[in-house]
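Enquirer: Pasting a structure below so you can have a look.
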Amino acid sequence: MSISWYLVVSAIVFSIGAGGVLVRRNPLVILLCIELMLNAANLSLVAFARANGNQDGQIFAIIVMVVAACEVAVGLGLIVALYRRKLPIDVDELRELQG
Amino acid sequence: MAELFFFLAAAGVIAGALGTVLLRNAFYAVLALVVHLISLAALFLLLRAEFVAAAQVVVYAGAVMVLYLFVVAYVGGIDQPLSGAGTNLRGTSVLFAVVLLVEFCIAILGSGLSSIDTEGTGFFAGFGTPEQIGQLLLTKFLLAFEAASFLLLISAVGAVILARRRSGLEDPREISVADLLRSSDGGTLSDEKERGSLAEAAGPPNR
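In structure tokens, the structure reads:
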């Protein structure tokens, strides 16, 4: 399989994730869609690492996974804080910084 | 044979991504993302990235998704319509995604890079194994490794601070700073003495 097939799959997944961030209103699902975009970037990094015979891209993918895990922890903490304050779990309702 | 596995895994990846976006229930969306992640690990294996594939399954599909499931169960399954903000905005969003995809495909298929039309060059025995990755992480990319560990620490502390119980006096059995100061003084702390002290900062005493 040539590397461009993997890049096309990566582009499709990234577009699905970007569309999901725009369409969905639940912040949990928006976090999931951001994960989709990060995974698409990971796939293209690993594909380019394979294309060049160089493992630096794989290291980059692992660091991206670490950053994604950090983002998930902070984002889920925010959602739990929203729920504790009885705010609506909906990004359209949460327009003001001072809820 | 590799083609068959590629198309199976790619179908799983795209179906999982579509399920994540389109399923209404957040619980099912998380499960669709698990399918997506495991199929993506299969693609990583096809690209000879063994360690990244294993880390993907263990860290993402194992740990991060369990975190998501716990939060979905805590917040409650919210059955929501896909978009209530008017079909106008929704149509624009879908159009944006399609335009993005077309742009990416033009960039990939019209690229002048010669190596992306091949299966990849420079493959050697041990490519992408834990030995190689570990050696690179501890020699060439030591700074990135340490920065990533520090980032994990910061985000763990930040998540605990964000999600902690703010109004801790709702439960009468819980002990606040004011209670500690009062008990050390034998319970004779008057309002005069509390003024300007740490006990005042901790809020009105919960008598």
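Which chain is which? The protein sequence lines are A and B, in order. The letter at position 98 of the first sequence is residue 89 when you use the working numbering, and the numbering goes up by one with no holes. Converting from the second sequence to the working numbering requires adding 547 to each position, the first position being numbered 1. C-beta atoms are modelled at their ideal positions from N, C-alpha and C, and glycine is treated no differently.
Would you grab the beta carbon distance between Ala600(B) and Ala588(B) for me? Rounded to a whole angstrom, and I think it's under 8 Å.
Expert: By one-based count along the second sequence, residue 600(B) stands at place 53. By one-based count along the second sequence, residue 588(B) stands at place 41. With a Cβ gap of about 4 Å, Ala600(B) and Ala588(B) count as contacting.
Enquirer: In its own chain, which residues sit with a C-beta less than 7 Å from the C-beta of Ala131(A), not counting the 5 before and 5 after it?
Expert: The structure shown has nothing for residue 131(A), since chain A only spans -8 to 90.
Enquirer: For Tyr575(B), return the contacting residues in chain A, with the cut-off set at a CB-CB distance below 7 Å.
Expert: Here residue 575(B) refers to the residue found at position 28 of the second sequence. Within chain A, no residue comes near Tyr575(B); the closest Cβ sits about 10 Å away, beyond 7 Å.
Enquirer: Does any residue of chain A bring its CB to less than 7 Å from the CB of Ser662(B)?
Expert: For the purposes of this step, residue 662(B) is taken as the residue at position 115 of the second sequence. With 7 Å as the cut-off, Ser662(B) counts as an interface residue toward chain A.
Enquirer: What's the gap between the Cα of Gly48(A) and the Cα of Ser1(A)?
Expert: Residue mapping note: residue 48(A) aligns to position 57 of the first sequence, counting from 1. Residue mapping note: residue 1(A) aligns to position 10 of the first sequence, counting from 1. Distance between the alpha carbons of Gly48(A) and Ser1(A): 15 Å.
Enquirer: How many whole angstroms separate the CB atoms of Ile680(B) and Gln46(A), which I take to be in contact at a CB cut-off of 8 Å?
Expert: Walking along the second sequence from the start, residue 680(B) turns up at place 133. Walking along the first sequence from the start, residue 46(A) turns up at place 55. Right, their Cβ atoms sit about 7 Å apart.
Enquirer: Alpha carbon to alpha carbon, how far is Glu666(B) from Ala52(A)?
Expert: The residue given as residue 666(B) occupies position 119 in the second sequence. The residue given as residue 52(A) occupies position 61 in the first sequence. Cα to Cα, Glu666(B) sits roughly 20 Å from Ala52(A).
Enquirer: Indicate the three-state DSSP secondary structure (helix, strand or coil) for Phe554(B) in the structure shown.
Expert: The sequence position of residue 554(B) within the second sequence is 7, counting from 1. The answer is helix: DSSP assigns Phe554(B) an H, G or I state.
Enquirer: Leaving aside the five residues before and after Tyr607(B) along the sequence, list all residues of the same chain whose C-beta is less than 6 Å from its C-beta, in chain order.
Expert: On the second sequence, position 60 is the one that residue 607(B) refers to. Once the five neighbours on either side are set aside, the close Cβ partners of Tyr607(B) are Leu584.
Enquirer: Cβ atoms of Val581(B) and Met548(B): under 7 Å apart, would you say?
Expert: Your numbering for residue 548(B) matches position 1 in the second sequence. Your numbering for residue 581(B) matches position 34 in the second sequence. Result no, Cβ atoms of Met548(B) and Val581(B) do not sit closer than 7 Å.
Enquirer: Where does Pro18(A) land, buried or exposed, given buried means 16+ other C-beta within 10 angstroms?
Expert: Counting from 1 along the first sequence, the entry for residue 18(A) is found at position 27. Answer is buried; the Cβ neighbour count reaches 16.
Enquirer: Could you tell me whether the Cβ atoms of Leu23(A) and Thr567(B) are closer together than 7 Å?
Expert: As a first step, residue 23(A) must be located in the first sequence, where it is residue number 32. As a first step, residue 567(B) must be located in the second sequence, where it is residue number 20. Cβ atoms of Leu23(A) and Thr567(B): closer than 7 Å.
Enquirer: Between the region 39 to 55 of chain A and chain B, which residues of the former have CB atoms less than 9 Å from a CB of the latter, in chain order?
Expert: Of all residues in the region 39 to 55 of chain A, Phe39, Ala40, Arg41, Ala42, Asn43, Gly44, Asn45, Gln46, Asp47, Gly48, Gln49, Ile50, Phe51, Ala52, Ile53 and Ile54 have a Cβ within less than 9 Å of some Cβ in chain B.
Enquirer: Where Phe697(B) and Gly68(A) are concerned, what is the direct C-alpha to C-alpha distance, given to the nearest angstrom?
Expert: Along the second sequence, one-based indexing puts residue 697(B) at 150. Along the first sequence, one-based indexing puts residue 68(A) at 77. Approximately 19 Å between the Cα atoms of the pair.
Enquirer: At least one CB of chain B closer than 7 Å to the CB of Ala2(A): is that the case?
Expert: On the first sequence, position 11 is the one that residue 2(A) refers to. So yes, Ala2(A) belongs to the interface.
Enquirer: Kindly list, in the order they appear in chain A, the residues whose Cβ is closer than 7 Å to that of Phe697(B).
Expert: Here residue 697(B) refers to the residue found at position 150 of the second sequence. Here the premise fails: no neighbours, minimum Cβ distance about 10 Å.
Enquirer: Less than 7 Å between the beta carbons of Ala72(A) and Ala710(B), yes or no?
Expert: In the first sequence, residue 72(A) corresponds to position 81, counting from 1. In the second sequence, residue 710(B) corresponds to position 163, counting from 1. In contact: Ala72(A) and Ala710(B) (Cβ atoms closer than 7 Å).
Enquirer: With 8 Å as the C-beta to C-beta threshold (strictly closer), list the residues of the region 663 to 683 of chain B near chain A in chain order.
Expert: Correct list: Ile663, Asp664, Thr665, Glu666, Gly667, Thr668, Gly669, Phe670, Phe671, Phe674, Gly675, Gln679, Ile680 and Leu683.
Enquirer: What three-state label does DSSP hand Met612(B) in the structure shown?
Expert: As a first step, residue 612(B) is located in the second sequence; it is residue number 65 there, counting from the start. Helix, per DSSP.
Enquirer: On the DSSP letters alone, give me the boundaries of the alpha helix (DSSP H) that Phe51(A) sits inside.
Expert: What you label residue 51(A) is simply residue 60 of the first sequence in a count that begins at 1. Asp47 to Arg75 is the span of the alpha helix (DSSP H), which, as asked, contains Phe51(A).
Enquirer: Hey, would you say Leu648(B) sits closer than 7 Å to Ser6(A), going by beta carbons?
Expert: As a working note, residue 648(B) is residue 101 in the second sequence. As a working note, residue 6(A) is residue 15 in the first sequence. Against a cut-off of 7 Å, the Cβ pair of Ser6(A) and Leu648(B) comes out as a contact.
Enquirer: Are there 16 or more other CB atoms within 10 angstroms of the CB of Gln682(B), so buried, or fewer, so exposed?
Expert: In the second sequence, residue 682(B) corresponds to position 135, counting from 1. Exposed, because fewer than 16 other Cβ atoms sit within 10 Å of the Cβ of Gln682(B).
Enquirer: What did DSSP end up calling Met28(A) once you bin it into helix, strand or coil?
Expert: Along the first sequence, read from residue 1 onward, the residue named residue 28(A) stands at position 37. Residue state, collapsed to three classes: helix.
Enquirer: What residues from chain B crowd round Glu26(A), counting only those whose CB sits closer than 7 Å?
Expert: In the first sequence, residue 26(A) corresponds to position 35, counting from 1. Going along chain B in sequence order, the residues near Glu26(A) (Cβ under 7 Å) are Leu580.
Enquirer: Is any beta-carbon of chain A found at less than 7 Å from that of Ala558(B)?
Expert: As a working mapping, residue 558(B) is identified with position 11 in the second sequence. It does not; no Cβ of chain A falls within 7 Å.
Enquirer: Find the nearest neighbour of Ala60(A) within the set Ala9(A), Ile21(A), Glu26(A) and Ile50(A), judged by alpha-carbon distance.
Expert: Along the first sequence, one-based indexing puts residue 60(A) at 69. Taking only the C-alpha atoms, the option nearest Ala60(A) is Glu26(A).
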